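Trainee: The structure's right below; bear with me while I get my questions together.
Protein chains: 2
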Amino acid sequence: MKSAIPETGVPITQPAAGNGSDRQEASLHGEVLLRLRDYVVEGNIPEGARVPERQLCEMLGISRTPLREALKVLAAEGLIELLPNRGARVRQLSQRDLEELFDVMAGLESLAGRLACELITDEEIAAIERLHYEMYGHYLHRDMHGYFQINQQIHESIVAAARNETLKTTYANFAGRIRRVRYSANFARKRQRWGEAMREHEAILDALRRRAASELSDILFQHLRNKRSAAIDHLAEGRDAGLETAPQGD
Amino acid sequence: MKSAIPETGVPITQPAAGNGSDRQEASLHGEVLLRLRDYVVEGNIPEGARVPERQLCEMLGISRTPLREALKVLAAEGLIELLPNRGARVRQLSQRDLEELFDVMAGLESLAGRLACELITDEEIAAIERLHYEMYGHYLHRDMHGYFQINQQIHESIVAAARNETLKTTYANFAGRIRRVRYSANFARKRQRWGEAMREHEAILDALRRRAASELSDILFQHLRNKRSAAIDHLAEGRDAGLETAPQGD
DNA sequence: AATTCAAGAAATGAATGCAAAATAGGTTCT
DNA sequence: AGAACCTATTTTGCATTCATTTCTTGAATT
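What follows is the structure, given as structure tokens:
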């Protein structure tokens, strides 16, 4: 059979039992939504692959009703797409889609920086500085993975400093959509681009210290724009080489 | 007796039959989603009011399954909230929520302006200029309603000029969330603020003509920020005066 | 008279059932 | 042999049904 889905079937026994994150959802639908979202975001289903309801139901140990509700929400979030009478597919992002998503992310981070300048505390800045130096260490050791993680923490700290939950949620949504690509995009960085990124980060910190809102906004946008280029280039190469993440199974 | 919903019950007979907008949704769920979203955005249900499923089902002439799917999506969009075992309520926006939403809108428009500078054509700018002068006419005649409409068209034109469908969709989503407030916020404009807004619009056009991305980004953000202040002030007054829940009827 | 409690009614959350559409498989025709 | 067509199976979309939970209402108690 053509099950595009690995049978990581862990039925929902207790709702959100014992996980650290503050997932409050008590309803089955909410639980399914969270699990499915993670499942898709983490790339467990190949891009463009069909997602048969029945199989997911069995995997999650629920009936189709709450599953279908969750699918509708995920579709609204842009993670999957629903083909009329043909079920759900994991959304396949075209190059243009990625460009658009990266630009929106850039806009959101740019906004976050602007807002952060208004209320950020010296302590928060100090925390970001510490992250920055930690990241610098990873840079020096050419530890790409560590660098990537800290990098993400820095950007998240800036978003958090914006003190805008709506922004944070929206940012998280978009981040989820491009997560896989983002990851590989970071690995795609050439040495040269890596050095650039470090310098940009220093400029970000500098602007943040001075609470220079407009300037920080510009720098962040440009920084993300550069990331976008790297990511798109990388993806284009990958796809040209024929390793598009194809619908496994045929 | 406690039906918060006016019985504007027009059952769904033909799916999206004969409406001009390109609502393609062939599925019942999609149709319900579009109708319900409009219904809520247009303020037909008072803020904070319960949205009984049964009543909506009768109103739309459908069963609960597709309705509940639509409600889940609307909740994900932030238009309504779902209380476990207690049904759906139209989301009531706190002052803080509004501030956050306005700021995110400001960020999105700011981004739109920045992106627009990259590819906008002279014709598009000319079109916006025409709108601007038309709006100026409304301003001179103190025609608030006309002014408001053109104003919105201008902002939408800028978003369109950004050539980013993802941004456009996201923008539309947030615009829907604050639509009611936005409207009354515009009416709240004092003469003085109105004049300011006109000047800001001129600055926007100027920056756009020069394709000055960063500058336009700043101006747009500030412009929306000022709108935000007006709106929040207005709302605060209204709520203090006790007229919180809203327009229903017209 | 007010409060508390309880039983019935109603509404929600989820599962099941049914009709229509799509897919797969085999057959026929060129 | 290959393409087109027709039928059987699967899958989807929606309605209906069932089980809990919440709300209502009325009676009993203090």
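In the order they appear, the protein sequences are chains G and L.
Residue 191 in the numbering used here is what sits at position 191 of the first sequence, and the numbering runs on without skipping anything.
Residue 241 in the numbering used here is what sits at position 241 of the second sequence, and the numbering runs on without skipping anything.
All residues carry an ideal CB built from backbone N, CA and C; glycine is no exception.
Keep in mind it's a predicted model, so treat the numbers as computed, not measured.
Using a Cβ cut-off of 8 Å, pull out every chain G residue sitting near histidine 290 of chain L, in sequence order please.
Mentor: The question about residue 290 of chain L has no answer, for chain L in this structure spans 1 to 250.
Trainee: For arginine 86 of chain L, tell me which candidate among L:Pro52, L:Tyr39, L:Thr166, L:Ile45 has the shortest Cα-Cα distance.
Mentor: Your numbering for residue 86 of chain L matches position 86 in the second sequence. Nearest of L:Pro52, L:Tyr39, L:Thr166, L:Ile45 to arginine 86 of chain L, Cα basis: L:Pro52.
Trainee: Give every residue of the same chain whose Cβ lies closer than 7 Å to the Cβ of isoleucine 219 of chain L, excluding the five residues on either side of it in the sequence, and list them in chain order.
Mentor: Taking the first residue of the second sequence as 1, we reach residue 219 of chain L at position 219. So the list reads Glu200, Ala203, Ile204, Ala207, once near-sequence residues are dropped.
Trainee: Please decide whether alanine 26 of chain L counts as near chain G, where near means a Cβ-Cβ distance under 8 Å.
Mentor: Along the second sequence, one-based indexing puts residue 26 of chain L at 26. True, the Cβ-Cβ gap to chain G drops below 8 Å.
Trainee: For glutamine 222 of chain L, tell me which candidate among G:Ala161, G:Leu111, G:Val181, G:Glu69 has the shortest Cα-Cα distance.
Mentor: Position 222 of the second sequence, counted from the first residue, corresponds to residue 222 of chain L. It is G:Leu111 whose Cα lies nearest to the Cα of glutamine 222 of chain L.
Trainee: Along the beta strand (DSSP E) that carries glycine 87 of chain G, what are the first and last residues, could you check?
Mentor: For this step, residue 87 of chain G is matched to residue 87 along the first sequence. It spans 87-90 - the beta strand (DSSP E) in which glycine 87 of chain G sits, taken as one unbroken run.
Trainee: Could you please give me the residues that DSSP links to valine 51 of chain G through a beta bridge?
Mentor: Along the first sequence, read from residue 1 onward, the residue named residue 51 of chain G stands at position 51. DSSP output for valine 51 of chain G lists G:Ala88 as bridge partner(s).
Trainee: Counting Cβ pairs closer than 8 Å, one from the segment 89-96 of chain G and one from the segment 25-45 of chain L, do we hit at least three?
Mentor: Cβ pair count under 8 Å is below three, so no.
Trainee: I'd like to know if proline 84 of chain G contacts chain L, where contact means its C-beta is closer than 8 Å to some C-beta of that chain.
Mentor: Counting from 1 along the first sequence, the entry for residue 84 of chain G is found at position 84. Yes, proline 84 of chain G counts as interfacial toward chain L.
Trainee: Say whether chain L places a C-beta atom closer than 8 Å to the C-beta of serine 21 of chain G.
Mentor: Here residue 21 of chain G refers to the residue found at position 21 when the first sequence is read from its first residue. Confidence at serine 21 of chain G is low in this model, with a pLDDT of 39, below 50, so the placement of that residue should be treated as unreliable; the coordinate-derived value is given next. No, its Cβ sits nowhere closer than 8 Å to a Cβ of chain L.
Trainee: Tell me which residue opens and which closes the alpha helix (DSSP H) that glutamate 69 of chain L is part of.
Mentor: Here residue 69 of chain L refers to the residue found at position 69 of the second sequence. Unbroken alpha helix (DSSP H) run through glutamate 69 of chain L: 64-77.
Trainee: Would you mind telling me which residues of chain G sit closer than 7 Å to arginine 68 of chain L, beta carbon to beta carbon, in chain order?
Mentor: Translated into the one-based positions of the second sequence, residue 68 of chain L becomes position 68. Correct list: Glu69.
Trainee: Am I right that alanine 251 of chain G and arginine 191 of chain G are in contact with their C-beta atoms under 8 Å? What's the rounded C-beta distance?
Mentor: Past the edges of chain G, shown from 1 to 250, lies residue 251 of chain G, and the structure says nothing about it.
Trainee: Return the residues of the segment 150-168 of chain L that lie within a Cβ-Cβ distance of less than 7 Å from chain G, sorted by chain order.
Mentor: Per Cβ criterion, the list reads Asn164, Glu165, Thr166, Leu167.
Trainee: Restricting to Cα atoms, I'd like to know which of L:Arg209, L:Ser214, L:Asn226, L:Thr170 is closest to glutamate 124 of chain L.
Mentor: Position 124 of the second sequence, counting from 1, holds the residue named residue 124 of chain L. Of the listed residues, the one whose Cα sits closest to glutamate 124 of chain L is L:Arg209.
Trainee: Quick check on alanine 126 of chain L: buried or exposed, where buried means 16 or more other Cβ atoms within 10 Å of its Cβ?
Mentor: Position 126 of the second sequence, counted from the start, is the residue given in the question as residue 126 of chain L. Exposed is the call here.
Trainee: Do we get a CB-CB distance below 8 Å when we pair histidine 234 of chain L with the residues of chain G?
Mentor: Mapped onto the second sequence, residue 234 of chain L falls at position 234. Not an interface residue.
Trainee: Does any residue of chain G bring its CB to less than 8 Å from the CB of arginine 54 of chain L?
Mentor: Here residue 54 of chain L corresponds to residue number 54 of the second sequence, with the count starting at 1. It does not; no Cβ of chain G falls within 8 Å.
Trainee: If contacts are defined as beta-carbon pairs under 8 Å, then serine 157 of chain G and leucine 119 of chain G qualify, I think. What distance do you get, rounded to the angstrom?
Mentor: Taking the first residue of the first sequence as 1, we reach residue 157 of chain G at position 157. Taking the first residue of the first sequence as 1, we reach residue 119 of chain G at position 119. That pair is no contact at about 14 Å.
Trainee: If I measure Cβ to Cβ from serine 217 of chain L and keep anything under 6 Å in the same chain, skipping five residues before and after, which residues do I get?
Mentor: Residue numbering aside, residue 217 of chain L sits at position 217 when the second sequence is read from its first letter. If we look at serine 217 of chain L and ignore the five residues flanking it on each side, its Cβ neighbours are Ser110, Gly113, Arg114.
Trainee: Along the chain, where does the alpha helix (DSSP H) that runs through isoleucine 125 of chain L open and close?
Mentor: Here residue 125 of chain L is taken as the residue at index 125 of the second sequence, counted from 1. Element bounds for isoleucine 125 of chain L: 122-140.
Trainee: Got a sec: is the Cβ-Cβ distance from serine 110 of chain G to anything in chain L below 8 Å?
Mentor: Numbered from 1 along the first sequence, position 110 holds the residue referred to as residue 110 of chain G. Chain L contact via Cβ: present.
Trainee: What does a CB cutoff of less than 6 Å around alanine 246 of chain G pick up in its chain, not counting 5 residues either side in sequence?
Mentor: Within the first sequence, the letter at position 246 stands for residue 246 of chain G. Residue placement at alanine 246 of chain G cannot be trusted, given a pLDDT of 41 that sits under 50; the coordinates are not used to answer.
Trainee: Less than 6 Å between C-beta atoms, sequence neighbours within five positions excluded: which residues of the same chain meet that for leucine 82 of chain L?
Mentor: Position 82 of the second sequence, counted from the first residue, corresponds to residue 82 of chain L. Taken in chain order, the residues that qualify are Ala75, Ala88.
Trainee: Quick check: what's the CA-CA separation for alanine 26 of chain L versus valine 41 of chain G?
Mentor: To locate residue 26 of chain L, count along the second sequence from 1; it is residue 26. To locate residue 41 of chain G, count along the first sequence from 1; it is residue 41. Taking the straight line joining both Cα atoms gives about 28 Å.
Trainee: Given the structure, does valine 40 of chain L come close to the ligand FMN, in the sense that its CB is under 7 Å from one of the ligand's heavy atoms?
Mentor: Absence of the ligand FMN is noted for the structure shown, with no ligands found whatsoever.
Trainee: Since leucine 28 of chain L is in the alpha helix (DSSP H), which residue starts that stretch and which ends it?
Mentor: The count along the second sequence starts at 1 and reaches residue 28 of chain L at position 28. Where leucine 28 of chain L is concerned, the enclosing alpha helix (DSSP H) stretches over 28-41.
Trainee: What whole-angstrom Cβ distance do alanine 116 of chain G and leucine 224 of chain G have, given they're in contact under 8 Å?
Mentor: Working through the first sequence from its first residue, we reach residue 116 of chain G at position 116. Working through the first sequence from its first residue, we reach residue 224 of chain G at position 224. Contact flag wrong, Cβ pair sits at about 15 Å.
Trainee: Please list, in chain order, all residues of the same chain as methionine 198 of chain L whose beta carbon is under 6 Å from its beta carbon, the five residues on each side excluded.
Mentor: For the purposes of this step, residue 198 of chain L is taken as residue 198 along the second sequence, with counting starting at 1. So the list reads Tyr139, once near-sequence residues are dropped.
Trainee: What's the C-alpha gap between leucine 28 of chain G and lysine 72 of chain L?
Mentor: In the first sequence, the residue the question calls residue 28 of chain G occupies position 28. In the second sequence, the residue the question calls residue 72 of chain L occupies position 72. Distance between the alpha carbons of leucine 28 of chain G and lysine 72 of chain L: 13 Å.
Trainee: With 8 Å set as the bound, which would you pick, yes or no: does the beta-carbon of phenylalanine 148 of chain G sit closer than that to a beta-carbon of chain L?
Mentor: Sequence index remark: in the first sequence, residue 148 of chain G carries index 148 (1-based). Judged by the 8 Å Cβ criterion, phenylalanine 148 of chain G is not in contact with chain L.
Trainee: Given alanine 162 of chain G, which residues of its chain have a CB within under 6 Å of its CB, disregarding the five upstream and five downstream residues?
Mentor: Looking up residue 162 of chain G in the first sequence gives position 162. Ala112, Leu115, Ala116, listed in sequence order.
Trainee: Please name the residue, chosen from G:Phe102, G:Glu215, G:Glu237, that lies closest to arginine 228 of chain G on a Cα-to-Cα basis.
Mentor: Counting from one through the first sequence, the residue named residue 228 of chain G turns up at place 228. Of G:Phe102, G:Glu215, G:Glu237, the residue nearest in Cα terms is G:Phe102.
Trainee: So the beta strand (DSSP E) asparagine 80 of chain L belongs to, where does it begin and stop?
Mentor: By one-based count along the second sequence, residue 80 of chain L stands at place 80. The identity of residue 80 of chain L in the sequence shown is isoleucine, whereas the question assumes asparagine. Looking at the DSSP string, the run of the beta strand (DSSP E) that includes isoleucine 80 of chain L is 80-83.
Trainee: Against chain G, does alanine 203 of chain L count as a neighbour if the rule is that its beta carbon must be under 8 Å from one of theirs?
Mentor: In the second sequence, counting from the first residue as 1, residue 203 of chain L sits at position 203. No, alanine 203 of chain L lies away from the interface with chain G (no Cβ there is under 8 Å from its Cβ).
Trainee: Write down the C-beta distance between leucine 79 of chain G and leucine 235 of chain G rounded to the nearest angstrom, noting that I regard them as a contact closer than 8 Å.
Mentor: Sequence index remark: in the first sequence, residue 79 of chain G carries index 79 (1-based). Sequence index remark: in the first sequence, residue 235 of chain G carries index 235 (1-based). Their Cβ separation, rounded to whole angstroms, is 18 Å, which puts leucine 79 of chain G and leucine 235 of chain G out of contact at 8 Å.
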